[in-house]
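Peer 1: Can you keep this structure in mind? I'll have questions shortly.
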Amino acid sequence: MLIEQSDSARSVYAGRVHAIVFDLDGTLVDSLTDIVNSFLSAFESLGLPAPPAAEIREEMGKPLFDMYSRFAPASRIDALIRTYREHYPQHFLDNSKPFPGVLELLTRLRARGYRLGVATTKRSSSALAFASALGIDAYLDHIQGTDDFPHKPAPDVIFRALDALGAEGVWMVGDSSTDIEAGRAAGLKTYAVTWGTHDAERLGRAEPDVLEPNLAALLRLVP
Numbered sequence: 141m142l143i144e145q146s147d148s149a150r151s152v153y154a155g156r157v158h159a160i161v162f163d164l165d166g167t168l169v170d171s172l173t174d175i176v177n178s179f180l181s182a183f184e185s186l187g188l189p190a191p192p193a194a195e196i197r198e199e200m201g202k203p204l205f206d207m208y209s210r211f212a213p214a215s216r217i218d219a220l221i222r223t224y225r226e227h228y229p230q231h232f233l234d235n236s237k238p239f240p241g242v243l244e245l246l247t248r249l250r251a252r253g254y255r256l257g258v259a260t261t262k263r264s265s266s267a268l269a270f271a272s273a274l275g276i277d278a279y280l281d282h283i284q285g286t287d288d289f290p291h292k293p294a295p296d297v298i299f300r301a302l303d304a305l306g307a308e309g310v311w312m313v314g315d316s317s318t319d320i321e322a323g324r325a326a327g328l329k330t331y332a333v334t335w336g337t338h339d340a341e342r343l344g345r346a347e348p349d350v351l352e353p354n355l356a357a358l359l360r361l362v363p
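In terms of this note's numbering, the sequence shown opens at residue 141 and continues consecutively.
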């Protein structure tokens with residue numbers, strides 16, 4: 141059991157409210173299997189050769205357009221994206237669930253006074269529907285998707301999440317190198333977790349402040 145400060149400790153210093161921003165897929169939620177399956181299903185539906193699942197995982201965290209651009213001709217990308225977006229909402233609960241301990245972690249961080257947000261490359265509508273279906277939305281204060289503005293590693297989605305939270309960002313927590321790069325660009329400390337998209341070696345090259353196999357250490361790092 142972790143020995144730490146009481147959950148009654150607050151994150152409000154000199155009148156400032158602090159926030160922790162998380163990526164969603166691969167960070168809070170074990171969802172990569174359903175994403176990859178839907179990604180592959182679009183190729184099958186359109187009669188196109190599908191790439192290996194391992195190569196898809198290398199592209200995770202990017203917008204769908206960028207992901208499909210690696211594997212398909214430009215003339216088929218719009219159709220692949222459309223097919224994915226039809227398939228994914230019908231199957232995003234096939235295997236997906238919060239990682240172990242995540243709901244308790246979010247509950248305890250909130251009890252310490254932190255505002256909690258998500259900054260994801262998913263579109264906002266998709267992210268909200270997914271989080272609601274899982275029930276994880278009740279543990280968060282804002283869910284921000286990437287809608288017609290630069291995606292990670294640009295920090296825009298993090299800044300928009302913080303604006304909505306009305307708080308000063310402290311940590312960006314993610315499972316991909318783009319999460320870490322975006323967090324650093326936003327001026328936040330960065331926590332990389334290896335149970336999602338990228339392994340420790342690739343995440344280490346992004347030079348996060350903290351590199352851990354899960355999120356448990358976050359509770360030791362925040363007052």
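For glycine and all other residues, C-beta sits at the position ideal for the given N, C-alpha and C.
1) For the alpha helix (DSSP H) that alanine 346 lies in, which residues bound it at each end?
2) What three-state label does DSSP hand threonine 173 in the structure shown?
3) Taking the straight line between their C-alpha atoms, what separation do you get for histidine 275 and proline 191?
4) With DSSP as the reference, label glycine 364 as helix, strand or coil.
5) When we look at the beta-carbon of aspartate 234 and count the other beta-carbons within 10 Å, is it buried (16 or more) or exposed?
6) Should alanine 159 be labelled buried (16 or more other beta-carbon atoms within 10 Å of its own) or exposed?
7) Would you kindly report the start and end of the unbroken alpha helix (DSSP H) that includes glycine 187?
8) Quick check on the DSSP output: what are the complete beta strand (DSSP E) runs of length 3 or more inside the segment 197-228, in order along the chain?
9) Can you look up glutamate 308 in the DSSP assignment and give me helix, strand or coil?
Peer 2: Taking the coordinates as given:
1) What you label residue 346 is simply residue 206 of the sequence shown in a count that begins at 1. Where alanine 346 is concerned, there is no enclosing alpha helix (DSSP H), given that its DSSP letter is neither H nor E.
2) Here the question's residue 173 lines up with position 33 in the sequence shown. Note: threonine 173 maps to helix in three-state DSSP.
3) One-based indexing of the sequence shown puts residue 275 at position 135. One-based indexing of the sequence shown puts residue 191 at position 51. The question names histidine, but residue 275 in the sequence shown is glycine. Going by the C-alpha atoms only, they are around 32 Å apart.
4) Residue 364 lies beyond the residue range present for the chain, which begins at 141 and ends at 363; the question has no answer from this structure.
5) Here residue 234 is taken as the residue at index 94 of the sequence shown, counted from 1. Per the 10 Å Cβ criterion, exposed.
6) In the sequence shown, residue 159 corresponds to position 19, counting from 1. Buried, because 16 or more other Cβ atoms sit within 10 Å of the Cβ of alanine 159.
7) The residue you call residue 187 lines up with position 47 of the sequence shown. Segment: none, glycine 187 is in no alpha helix (DSSP H) and carries neither H nor E.
8) Runs of the beta strand (DSSP E) inside the segment 197-228: none found.
9) As a position in the sequence shown, residue 308 is number 168, starting the count at 1. The answer is strand: DSSP assigns glutamate 308 an E or B state.
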